[in-house]
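If you read the sequences in order, they're chains A and B.
All residue numbers for the first sequence refer to the numbering used here, where the first residue is 837 and numbers rise by one.
All residue numbers for the second sequence refer to the numbering used here, where the first residue is 837 and numbers rise by one.
These notes concern the structure reproduced below.
2 protein chains.
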Amino acid sequence: MVEDRKLAVLRAIVEDYVATHEPVGSKSLVERHQLGVSPATVRNDMAALEEEGLIAQPHTSAGRIPTDKGYRLFVDRLSQLKPLRPAERRAITTFLEGAVDLDDVVQRSVRLLAQLTRQVAIVQYPTLSRSTVRHVELVTLSSSRLLVILILSTGRIEQRVVEVPDSLHDERVAGFRTLLNRAVMGERIADAAERLADLPEDVEPAGRPVLSALVAALVEAMSDHRSDERVMVGGTANLTRFGDGFEVSIQPLLEALEEHVLLLKLLGEASSPATLTVRIGSEVPYEGLGATSVVATGYGPGAEALANLGVLGPTRMDYPGAMASVRAVAQYLSKILDES
Amino acid sequence: MVEDRKLAVLRAIVEDYVATHEPVGSKSLVERHQLGVSPATVRNDMAALEEEGLIAQPHTSAGRIPTDKGYRLFVDRLSQLKPLRPAERRAITTFLEGAVDLDDVVQRSVRLLAQLTRQVAIVQYPTLSRSTVRHVELVTLSSSRLLVILILSTGRIEQRVVEVPDSLHDERVAGFRTLLNRAVMGERIADAAERLADLPEDVEPAGRPVLSALVAALVEAMSDHRSDERVMVGGTANLTRFGDGFEVSIQPLLEALEEHVLLLKLLGEASSPATLTVRIGSEVPYEGLGATSVVATGYGPGAEALANLGVLGPTRMDYPGAMASVRAVAQYLSKILDES
DNA sequence: GATTGGCACTCGGTAGTCGTGAGTGCCAGG
DNA sequence: CCTGGCACTCACGACTACCGAGTGCCAATC
């Protein structure tokens, strides 16, 4: 039971510190929480918690703040998802339902997440690698140039301009179009790329150079890791509440937020929508962005995650709230994608 | 000639202040510039300049800083575009040429501009209203749902999902496709929307409900002002050098940068690529983002501007440099768009 | 008339001092 | 195991003093 009280103290410290952003002392703790013991007792517990590396004092004679390890314990054992308020649930559904296309969906998700958590929100576009091909379209730009459009099941669209060796009649373009579509429609990206590679051999020799060019463009678009790295960021204004004046400079943070490749690493491997990943402070796999935490999860129709989304905030963030918001947005987003 | 020296003093003040971010005094002025007169003389000139409202002192006993009016005079009469260094020219061409699609072009432009000017860069996507229709594509998603894709001359692509009343054979879809393309291909957006409105009447009655739905989606996509409002922002990390600790808080700035509608207003009416718009401090048509200036211009193939781009920075920015960079990027960007 | 050196004055910023109070650790008694 | 008491620490705010860059003005000079 002593052990229990120690954990209760830790929870109280985390909650108070998150709320006030100030080191919390033994006296104010017993005042604000019904712990049923005196400040002195709490002080003993605090000393023990500090011994275990769960809390620390910024100055010799100040209150305690949780360490990364303390937050970790809090997240793992002491907190449960804060249920969203009905107004928030409603906001999520109505806001996401108005979206007209994929860009819009992603953008709305970012804004929503940023508003709900009051942190920086990051949403990754659905990855190419797990999409299937819905359609391939060819559009004649000029006599020797074609626009190749790749439409994917997730709503993503990739386009490339292809220079073709000789000018093409509409009928020939149509022929290539059906040929390509027959080969890849409905296939997953990885398989589609393979199918395409074999195509040129099946066609009469005259058409091979053109088809090769088209195939090359498509394969390139499919395997373009650059476009797998697309993310959208929002709520950067929330960074200003990050370090209440002290501690972290937001300069490196802003820089990091422009490095989309880095953000993808922060979001981590696409995980199932069912699991929430919480990385706290030093657990964040990137040096140099100060005392930050990341709460992320995957989203996508079905159990397999298409991509990730999450929020980035100070280690002293409201984990239960952020976790609930992230999960809720991921769920609704998955549903939207499922429907479309 | 006295008048001339006064202007020389103003120029020196602007240049020094931009370089050091500190109020500049009479003594340091004569030290750093060859004015050929004593500090006392400069002080007299400064008093006159202050009288005219071109400079001001932040505190009773400190150096002078230029006022908005002072910057205005500097920009209009005392500065000329700073020629880009060869390395910068090279960076622009090589960087922009690697782009694969419109998104990429815009993103690269933003990064480039942010790097060159070390300010916040804003690039607007080519406006719908001045584009022409390159192609309309229909893709069957399910028996009762079609994906309508609108491909524009500027490389922009808009997509909408349409629920159609009854299920459609491929041939019928193909029929609608050719019908639609025949009506709008090559037309400017505004004209295309008109053409579409008349379409349903020319078709046999059975097809009307479906066609109407398709037309409605297309017209909606064409007139969607929301998607006209697309901009990309970059270099926000440069905001931290904005007020060197003092003066402006970057919170409202970060908020403003997420308000894309607002940014479009800041960029102003799409102007010809030949003209540079410089808005200084209070001239910026939006209260509440502190001491900011905007340097913007239009871009697009030919003389008519498709959209705008520019940078946003503190009033104490390097105008000659920023103006040169903005113009250079706009020119190269126009060329890229012209070619594709 | 323009320029200049001299001079008194202003005032923001830095450094030093001091008191206050929240918070701590420890200990002895319940 | 808990608690009240007590001495100690130390960040922070208030106050003061000082310094120096910069100014305005004026009389002398070119």
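Don't be surprised by glycine CBs; every beta carbon is placed ideally from N, CA and C.
For residue j and residue i, the rounded distance between their alpha carbons
i, j, result
"residue 1048 of chain B", "residue 1137 of chain B", "34 Å"
"residue 1031 of chain B", "residue 1145 of chain B", "32 Å"
"residue 884 of chain A", "residue 967 of chain A", "52 Å"
"residue 1083 of chain A", "residue 900 of chain A", "Confidence is the limiting factor: at residue 1083 of chain A the pLDDT is only 48, short of 50, which leaves the residue's position unreliable, though a coordinate-based value still follows. So the alpha carbons of these two residues sit roughly 16 Å apart."
"residue 1143 of chain B", "residue 1099 of chain B", "13 Å"
"residue 945 of chain A", "residue 913 of chain A", "29 Å"
"residue 1034 of chain A", "residue 978 of chain A", "27 Å"
"residue 850 of chain B", "residue 1076 of chain A", "30 Å"
"residue 972 of chain A", "residue 964 of chain A", "15 Å"
"residue 976 of chain A", "residue 1175 of chain B", "15 Å"
"residue 1055 of chain B", "residue 1029 of chain B", "6 Å"
"residue 938 of chain B", "residue 1154 of chain B", "30 Å"
"residue 1090 of chain A", "residue 1097 of chain A", "14 Å"
"residue 928 of chain B", "residue 1169 of chain B", "9 Å"
"residue 880 of chain A", "residue 839 of chain A", "12 Å"
"residue 1150 of chain A", "residue 1078 of chain B", "23 Å"
"residue 925 of chain A", "residue 961 of chain B", "33 Å"
"residue 1026 of chain B", "residue 1018 of chain B", "16 Å"
"residue 922 of chain A", "residue 869 of chain A", "27 Å"
Collapsed DSSP secondary structure at residue i in the structure displayed
i, result
"residue 1068 of chain A", "strand"
"residue 960 of chain B", "strand"
"residue 1151 of chain B", "coil"
"residue 1096 of chain B", "helix"
"residue 907 of chain A", "helix"
"residue 990 of chain B", "coil"
"residue 1164 of chain B", "helix"
"residue 1018 of chain B", "helix"
"residue 893 of chain A", "coil"
"residue 942 of chain A", "helix"
"residue 955 of chain A", "coil"
"residue 1000 of chain B", "coil"
"residue 1117 of chain B", "helix"
"residue 985 of chain A", "strand"
"residue 831 of chain A", "Nothing can be reported for residue 831 of chain A: it is not among the residues displayed for chain A, which extend from 837 to 1176."
"residue 841 of chain B", "helix"
"residue 995 of chain A", "strand"
Integer-rounded CB distance, given that residue j should sit under 8 Å from residue i
i, j, result
"residue 1113 of chain A", "residue 1104 of chain A", "6 Å"
"residue 1050 of chain B", "residue 1016 of chain B", "7 Å"
"residue 1013 of chain A", "residue 988 of chain A", "Their Cβ separation, rounded to whole angstroms, is 17 Å, which puts residue 1013 of chain A and residue 988 of chain A out of contact at 8 Å."
"residue 846 of chain B", "residue 906 of chain B", "6 Å"
"residue 1161 of chain B", "residue 952 of chain B", "4 Å"
"residue 1074 of chain B", "residue 956 of chain B", "6 Å"
"residue 920 of chain B", "residue 1158 of chain B", "With a Cβ gap of about 11 Å, residue 920 of chain B and residue 1158 of chain B do not count as contacting."
"residue 1130 of chain A", "residue 1115 of chain A", "5 Å"
"residue 1071 of chain A", "residue 950 of chain A", "3 Å"
"residue 865 of chain A", "residue 878 of chain A", "6 Å"
6 Å CB neighbourhood of residue i in its chain, flanking five on each side removed
i, result
"residue 1173 of chain B", "1137"
"residue 1057 of chain A", "986, 994, 996"
"residue 1177 of chain B", "As displayed, chain B neither begins before 837 nor continues past 1176, which places residue 1177 of chain B out of reach and without an answer."
"residue 1118 of chain B", "904"
"residue 1039 of chain A", "1047"
Cutoff 7 Å; reference residue i; Cβ partners in own chain excluding five residues on either side
i, result
"residue 863 of chain B", "875"
"residue 1081 of chain B", "Annotation note: pLDDT 46 at residue 1081 of chain B (below 50); position unreliable, coordinate value reported separately. Once the five neighbours on either side are set aside, residue 1081 of chain B has no close Cβ partner at all."
"residue 1068 of chain A", "942, 943, 946, 959"
"residue 1036 of chain A", "1044, 1047, 1048, 1051"
Contact set for residue i: own chain, Cβ-Cβ below 8 Å, skip 5 residues either direction
i, result
"residue 981 of chain B", "997, 998, 999, 1000"
"residue 1088 of chain B", "1124, 1125, 1126"
"residue 894 of chain B", "859, 901"
"residue 1166 of chain B", "1109, 1133, 1134, 1135, 1145"
"residue 890 of chain B", "846, 902, 903, 905, 906, 909"
"residue 1009 of chain A", "974, 976, 982"
Residue i beta carbon near the ligand GTP (any heavy atom closer than 8 Å)
i, result
"residue 1133 of chain B", "This structure lacks the ligand GTP; in fact it carries no ligand of any kind."
Interfacial residues, the stretch 992 to 1014 of chain A to chain B, with Cβ spacing under 7 Å: Within the stretch 992 to 1014 of chain A, the residues whose Cβ lies closer than 7 Å to some Cβ of chain B are 993, 995, 996, 997, listed in chain order.
Positions along the stretch 929 to 962 of chain B whose CB lies within less than 7 Å of some CB in chain A: 936, 937
Interface positions of the stretch 968 to 983 of chain A facing chain B (Cβ-Cβ less than 8 Å), listed along the chain: 970, 971, 973, 975, 977, 983
Contact list for the stretch 886 to 898 of chain B against chain A, Cβ threshold 7 Å: Cβ contacts with chain A: none found.
Residues from the stretch 1086 to 1105 of chain B in contact with chain A, defined by Cβ distance under 7 Å: 1086, 1087, 1090, 1091, 1094
Interface positions of the stretch 1045 to 1077 of chain A facing chain B (Cβ-Cβ less than 9 Å), listed along the chain: 1056, 1057, 1060, 1062, 1063, 1066, 1070, 1071, 1072, 1073, 1074, 1075, 1076, 1077
Interface residues of the stretch 901 to 912 of chain B facing chain A [CB-CB below 8 Å]: none
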